[in-house]
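Please read the structure below before turning to the comments.
There are 2 protein chains.
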Amino acid sequence: MVGLPNRDRKAERREATRQEIITAAWEIAHENGLTSVTLREIATRIGMQPPSLYSHFASKNAIYDAMFGQVWRDFCVALERASASFPAEPRGRLLALAGFYFDFAVSDLERHQLMDMPMLRDFRPSEEAYRPAIECYEIMRSVLTGIGIHRQADLDMYTALVGGLVNQQLANDPGGDRWRDLVPRAVGLLADDLGLPAQPPTSRRKT
Amino acid sequence: MVGLPNRDRKAERREATRQEIITAAWEIAHENGLTSVTLREIATRIGMQPPSLYSHFASKNAIYDAMFGQVWRDFCVALERASASFPAEPRGRLLALAGFYFDFAVSDLERHQLMDMPMLRDFRPSEEAYRPAIECYEIMRSVLTGIGIHRQADLDMYTALVGGLVNQQLANDPGGDRWRDLVPRAVGLLADDLGLPAQPPTSRRKT
DNA sequence: GTCTATACACCGATAGAC
DNA sequence: GTCTATCGGTGTATAGAC
């Protein structure tokens, strides 16, 4: 009896090639900047002719789109995993969330530009690629809600604060710690403003 | 006696043409984005052939350079003029400075991108064009110093805070007020943290 | 100083053979 | 699915006539 193969080798090979293309695109982005990704250069790196890429992606923007979706999925997974270990205590939890986002964003400029900045003039993520981004935002919001941060104005203040630190770090001290070191202080300011309960003294023996 | 003309009409005409070019470049930047400025399009708008622009600027980046220098000079003048009317009282003065910068930055996205963001891949301002930017920074710093803000970490916190609000406003609510409305609150937080004296009650009759 | 003509190096995308 | 060949377009910049 001739059944269907239980592994679709063809589909696997196809997916592997798509990944090769995306990986090469990230390589170029990291070396020469996000806007320097070209079909020619991708093709050269993976040993193809440029037109062959159209067998796997409908256009150059479709490649950006796949990159966008993937990094947001990555962030989603990393955030969900990390948030399980965040402290339960509100201030510690807020600081952990801010620090996690800061470190993730700052560790890869081009990724940050694709995820959070409108750098590519005529690229708009498809609805499908945007879905993980929304999912991510919901996870972050649920963490903040759990701390007691509900009002939109408070969320806006939080995003401006953390985003501002990230941008200054990337723009003025890439690879350094100048604004990273300000994260606890900035989060503390916000926590005071929001009236979060003061952090309990750490590892005090029971009295 | 044949003297030198007291007005150099030729030089004046030349300067006027340079200005025409720069103005056209800003027009394009505002309509289609900073990176969409091309020599072809500039030439078309002022009724020239593209190569003719090289009689006035050595390269496309030289045009960006002139734009960069000019907007920073404009900001310098505006800031110096406005700061004369800032309140003397520290908290009011800090808020006035932050508000002034916020409004200036937010009122023109492309100008902000040229002044404060590294958007143009292979454009680095010349030393001459950068000079007004430094002068500006010194004016801002002197205002902050006058309030009692000296430490680098405090200045860094200020720039991150205000810059963060600006970026969120431009990215997520262009033309709106969502983050503009948070400026007083954010500045208040920072003022508290720095221990600035509390603002006196406004327009209290003398007692 | 402005023009015409052109060089040169790219780019994304398509057609059609194999 | 990959190739070759090519199209039609972008862009900056230079040479030389006027």
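Residue numbers (our numbering), protein chains in the order written: chain A, 22 to 228; chain B, 22 to 228. Glycine included, each C-beta is placed from N, C-alpha and C at the ideal position.
By the 10 Å Cβ neighbour count, where 16 or more other Cβ atoms means buried, how is Asp124/B classified, buried or exposed?
exposed
I need the DSSP call for Leu217/B, collapsed to helix, strand or coil.
coil
Kindly indicate the opening and closing residues of the alpha helix (DSSP H) around Arg112/B.
111 to 127
Which residue's Cα is closest to the Cα of Ala119/B: Asp29/B, Trp200/B, Asp86/B?
Trp200/B
Three-state secondary structure (DSSP) of Thr59/A:
coil
Identity of the residue in Gln220/B, Arg206/B, Asp177/B nearest Ala192/A by Cα:
Asp177/B
Where Met161/B and Gly54/B are concerned, what is the direct C-alpha to C-alpha distance, given to the nearest angstrom?
28 Å
Between Arg142/B and chain A, is any beta-carbon pair separated by less than 8 Å?
yes
Starting from Gly68/A, trace the alpha helix (DSSP H) in both directions and tell me its first and last residue.
From DSSP, Gly68/A is part of no alpha helix (DSSP H); its letter is neither H nor E.
Determine the closest residue to Arg94/A out of Cys157/A, Arg28/A, Ala181/A, Tyr179/A, with distance taken between C-alpha atoms.
Cys157/A
Threshold first: 4 residues or longer. Then list the alpha helix (DSSP H) segments lying entirely within the stretch 125 to 156 of chain B, N to C.
130 to 137
With 16 other CB atoms within 10 Å as the buried threshold, where does Tyr75/B fall?
exposed
Alpha carbon of Thr228/B to alpha carbon of Gln190/A, nearest angstrom
Because Thr228/B carries a pLDDT of 47, less than 50, the predicted location of this residue cannot be relied on, and the following value inherits that uncertainty. Spanning the two alpha carbons is a distance of roughly 49 Å.
Of the residues that make up the stretch 52 to 76 of chain B, which ones have a beta carbon closer than 9 Å to any beta carbon in chain A?
Asn53, Gly54, Thr56, Ser57
Using a Cβ-Cβ distance cut-off of 8 Å, determine whether Met178/A contacts chain B.
yes
I'd like to know whether the C-beta atoms of Pro205/A and Leu116/A end up nearer to each other than 8 Å.
yes
Return the chain-ordered list of same chain residues with a C-beta closer than 7 Å to the C-beta of Leu182/B, the five sequence neighbours on each side being excluded.
Ala207, Leu211
Taking Cβ positions only, does Pro139/B come closer than 8 Å to chain A?
yes
Against Asp214/A, what residues of chain B qualify as contacts under a CB-to-CB distance less than 7 Å, listed in chain order?
Leu210
Return yes when the Cβ of Asn188/B is within less than 8 Å of the Cβ of Gly185/A, no when it is not.
yes
Residues in the same chain with beta-carbon distance under 6 Å from Arg132/B, minus the five sequence neighbours each way, listed in chain order, please.
Val92
Inspect the beta-carbon positions of Phe89/B and Pro146/B and report whether they are closer than 8 Å.
yes
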